[in-house]
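Report on the following structure.
Chains as they are written, first to last, in my numbering: chain A, 1 to 261; chain B, 262 to 663.
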């Protein structure tokens with residue numbers, strides 16, 4: 001096996017790349033990109049899906065995601081407070097979706113930054129109801145710990161605002177979250193290039209979630225492959241251990257080697 | 262429902278301090294160098310926006326369009342959201358020189374019964390729509406708050422996303438509409454030029470410019486999640502309207518920070534009462550304006566209605582537009598023929614039954630304006646797909662607005 005499997009709650013995943021399903025030019029392209037990425041977990045905004053069970057042809061995104069191949073991770077995007085997020089999560093389960101939830105509560109539709117107060121309240125409630133909760137958070141180590149204390153299965157700090165392609169702007173905070181984590185840490189949002197994903201994995205993140213950078217690309221399938229390789233490369237490097245960095249050059253032929261001759 | 266704090270200040274005060282004339286003058290004399298600087302600005306200011314809509318910028322439209330296209334795709338994806346207007350009533354107590362529903366226009370009027378509204382909604386839902394804008398003229402007697410609330414309650418199950426375009430109300434009057442399930446409120450200032458506003462709004466409560474200007478703030482305080490604003494191009498100088506609209510949007514983003522904002526840029530269309538547009542904005546200018554708005558406000562939705570012809574709409578899909586109407590009717594009952602048995606004229610608030618002679622042409626209520634893109638929603642959706650975009654019908658779940 002190339003890299004160790006990712007374990008979240010009671011499930012194992014060979015791939016450490018999680019994909020979002022928004023912003024694609026068509027559901028067919030989305031399906032092909034998921035396939036190309038070899039991901040095993042995809043997240044879907046519940047507000048876009050048909051939860052009535054009536055197979056609405058005008059909201060049929062779920063029909064393009066094979067539940068045998070992927071763990072379908074419903075997300076609560078659109079919810080502005082805990083009450084709305086909890087309601088959406090319950091509705092998803094009633095519609096037959098997995099009892100897993102990517103908890104996203106952003107009151108600000110512009111930067112889509114998560115509300116820590118509402119997220120904590122919703123997480124606590126949903127964990128009590130038996131959900132496997134994966135909360136989207138700002139890269140705040142304290143909220144990350146608080147969410148772990150109430151029983152979240154992961155924490156998902158952002159690298160930069162959703163859709164910004166900004167990279168790991170929160171690098172130093174993510175390091176602290178990783179240092180303190182007792183659950184897998186998924187870097188979510190802002191990953192705009194495979195190098196960003198590789199960097200997150202090299203730092204020790206357990207997985208990376210990518211959407212915009214793949215979905216809006218002219219060739220989403222190849223870009224999905226590029227991300228898959230970057231995530232695997234970054235993880236492999238982390239498992240092996242990167243060399244120390246130095247401020248000055250270190251000669252590959254040591255200057256004092258003659259002393260040992 | 263969302264809990265929004267009341268807004269402490271008002272855009273009315275900021276608007277009074279806005280140097281609109283100076284910004285317009287600056288726009289007109291912008292150099293190519295200044296335009297380029299604004300094009301590259303990391304966070305463009307209102308002055309940058311004025312430079313982006315300048316005549317100098319018109320020469321660089323292709324470059325501007327490239328920036329706008331890339332930014333729109335990044336922020337909104339390769340997706341166009343679709344909606345339809347559903348007209349509840351064309352009764353109105355205002356006189357607006359440019360509007361077909363003006364109270365003095367001798368048009369055929371009707372207010373749909375809630376069950377007729379439901380029939381219209383079902384017709385739209387069958388076409389695919391899950392996002393509908395309920396529109397009505399301003400008439401407290403025919404279009405009472407209780408009536409609108411009742412319509413929202415019965416439609417919400419069928420249509421998860423409901424927005425309203427009605428005569429402005431107080432925050433307290435909006436609240437029951439939010440509780441009933443309305444998610445968005447749309448109110449166009451029509452014109453941000455106070456003089457033009459006075460000239461074109463000759464009777465009715467709409468005469469009060471400031472009351473209308475502060476409507477989005479009152480709606481936000483009542484808990485609406487989406488706010489739509491706009492200017493009706495053709496009532497005054499287009500650059501002045503554009504700068505004021507951009508300033509209004511910027512203010513709302515800061516003060517009504519939990520609301521999603523959309524901008525509409527309707528151009529005057531032929532209607533009853535015939536009105537000649539002032540300083541008409543050309544297709545080229547409109548394109549420049551949409552692209553400039555995208556650079557200035559990357560996260561704001563931009564709406565393009567069926568007022569615009571098919572070719573222009575197709576061309577603008579990749580350049581910054583995020584929300585389109587399709588297959589629209591601007592008359593109550595337009596989708597099913599509902600209400601045609603109750604058509605009448607209205608004089609001084611009283612219904613006047615149609616005479617024998619008039620009945621032969623009384624097949625439906627009169628529309629607010631003529632539409633230009635008459636393609637069916639299905640054809641428009643196919644066109645969106647062929648341009649490499651996904652037509653999105655459902656982007657909201659009723660669970661979010663119970």
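Just so you know, even glycine gets a beta-carbon here, dropped at the ideal spot from N, CA and C. Here the structure is a predicted model, which means the values were calculated and not measured.
Identify the contact partners of residue i in chain A, using a Cβ-Cβ distance below 8 Å as the criterion.
i	result
residue 654 of chain B	58 and 59
residue 514 of chain B	110
residue 519 of chain B	80, 107, 108 and 109
residue 560 of chain B	109, 110 and 111
Given that residue i touches chain A, what residues does it touch there, using C-beta distances under 7 Å?
i	result
residue 646 of chain B	26
residue 389 of chain B	58
Could you check if residue i is buried or exposed, using at least 16 other CB atoms within 10 Å of its CB as the buried criterion?
i	result
residue 182 of chain A	exposed
residue 222 of chain A	exposed
residue 620 of chain B	Confidence in residue 620 of chain B is poor, its pLDDT being 49 and thus under 50, which makes the residue's placement unreliable; the coordinate value appears in the next sentence. When all chains shown are included, residue 620 of chain B counts as exposed.
residue 456 of chain B	exposed
residue 421 of chain B	buried
residue 258 of chain A	exposed
residue 7 of chain A	exposed
residue 484 of chain B	buried
residue 564 of chain B	buried
residue 261 of chain A	exposed
residue 402 of chain B	exposed
residue 408 of chain B	buried
residue 301 of chain B	exposed
residue 638 of chain B	buried
residue 111 of chain A	exposed
residue 219 of chain A	exposed
residue 77 of chain A	buried
residue 154 of chain A	buried
Residues of chain B with CB closer than 7 Å to the CB of residue i, please, in chain order.
i	result
residue 91 of chain A	660
residue 84 of chain A	661
residue 23 of chain A	338, 339 and 340
residue 165 of chain A	335
Kindly list, in the order they appear in chain B, the residues whose Cβ is closer than 8 Å to that of residue i.
i	result
residue 215 of chain A	338 and 339
residue 51 of chain A	658 and 660
residue 212 of chain A	335 and 338
Which bits of chain A does residue i rub up against, with CB to CB less than 9 Å?
i	result
residue 298 of chain B	What residue 298 of chain B touches in chain A: nothing, since even the nearest Cβ is about 23 Å away.
residue 679 of chain B	Summary: the structure shown does not reach residue 679 of chain B, with chain B confined to residues 262 through 663, and so no result is reported for it.
Bridge partners of residue i, per DSSP?
i	result
residue 356 of chain B	B/464
residue 264 of chain A	Chain A is shown only over 1 to 261; residue 264 of chain A falls outside these bounds and no answer can be derived.
residue 424 of chain B	B/394 and B/445
residue 186 of chain A	A/207
residue 6 of chain A	A/13
residue 605 of chain B	B/370 and B/614
residue 347 of chain B	B/395
residue 564 of chain B	B/525 and B/584
So residue i contacts chain B; which residues on that side make the cut at Cβ distance below 9 Å?
i	result
residue 48 of chain A	653, 655, 656, 657 and 658
Specify whether the stretch 42–58 of chain A and the stretch 242–253 of chain A touch according to this definition: at least 3 beta carbon pairs, one from each stretch, less than 8 Å apart. These segments do not touch.
List in chain order: all unbroken beta strand (DSSP E) runs of 3+ residues lying wholly within the stretch 204–245 of chain A. Taking only runs of at least 3 residues, the beta strand (DSSP E) segments lying wholly in the stretch 204–245 of chain A are 207–210.
Unbroken stretches of the alpha helix (DSSP H), 4 residues or longer, contained in the stretch 37–120 of chain A: Segments of the alpha helix (DSSP H) lying fully in the stretch 37–120 of chain A: 82–94.
For the stretch 440–448 of chain B against the stretch 471–491 of chain B, are there 3 or more C-beta pairs whose distance is under 8 Å? Contact holds between the stretch 440–448 of chain B and the stretch 471–491 of chain B, because three or more Cβ pairs, one in each stretch, are under 8 Å apart.
Runs of 4 residues minimum, wholly inside the stretch 302–344 of chain B: which ones carry the alpha helix (DSSP H) assignment? Segments of the alpha helix (DSSP H) lying fully in the stretch 302–344 of chain B: 307–313, 316–319 and 322–337.
Suppose only complete runs of 3+ residues qualify. What are the beta strand (DSSP E) ranges in the stretch 466–529 of chain B, listed by chain order? The qualifying runs are 487–492 and 521–525.
Evaluate the contact criterion for the stretch 351–366 of chain B versus the stretch 374–392 of chain B: three or more CB pairs, one atom per stretch, below 8 Å. The stretch 351–366 of chain B is not in contact with the stretch 374–392 of chain B.
If you pair each beta-carbon of the stretch 544–551 of chain B with each one of the stretch 318–334 of chain B, do three or more pairs fall below 8 Å? Contact annotation: the stretch 544–551 of chain B touches the stretch 318–334 of chain B, with at least three C-beta pairs closer than 8 Å.
Decide yes or no for the touch test of the stretch 128–148 of chain A against the stretch 93–105 of chain A: beta carbon pairs closer than 8 Å, at least 3 of them. Taking 8 Å as the limit for Cβ pairs, the verdict is that the stretch 93–105 of chain A does touch the stretch 128–148 of chain A.
Segment contact, 8 Å Cβ cut-off, at least three pairs: the stretch 265–274 of chain B with the stretch 289–309 of chain B: With the cut-off at 8 Å, the stretch 265–274 of chain B and the stretch 289–309 of chain B do not touch.
Quick test of the definition: if touching needs 3 or more C-beta pairs under 8 Å, does the stretch 330–340 of chain B touch the stretch 357–372 of chain B? No, they do not touch.
If we count Cβ pairs, one from each stretch, closer than 8 Å, do we get three or more for the stretch 576–585 of chain B versus the stretch 596–612 of chain B? Contact fails: fewer than three Cβ-Cβ distances are below 8 Å.
If contact is defined by three or more beta carbon pairs under 8 Å, each pair taking one atom from either stretch, is the stretch 144–159 of chain A in contact with the stretch 109–124 of chain A? The stretch 109–124 of chain A vs the stretch 144–159 of chain A: in contact.
Is it the case that the stretch 459–469 of chain B contacts the stretch 502–512 of chain B, given that we only count it when at least three CB pairs across the two stretches are under 8 Å? They do not touch, by the three-pair rule.
Cβ contact check for the stretch 627–635 of chain B and the stretch 410–429 of chain B: 3 or more pairs under 8 Å: A contact between stretches requires three or more CB pairs, one per stretch, nearer than 8 Å, and the stretch 627–635 of chain B fails this requirement with the stretch 410–429 of chain B.
Is it the case that the stretch 82–97 of chain A contacts the stretch 160–175 of chain A, given that we only count it when at least three CB pairs across the two stretches are under 8 Å? The answer is no - the stretch 82–97 of chain A does not touch the stretch 160–175 of chain A, with fewer than three Cβ pairs under 8 Å.
Closer than 8 Å is the cut-off here; do at least three beta carbon pairs connect the stretch 37–45 of chain A with the stretch 14–22 of chain A? The stretch 37–45 of chain A vs the stretch 14–22 of chain A: in contact.
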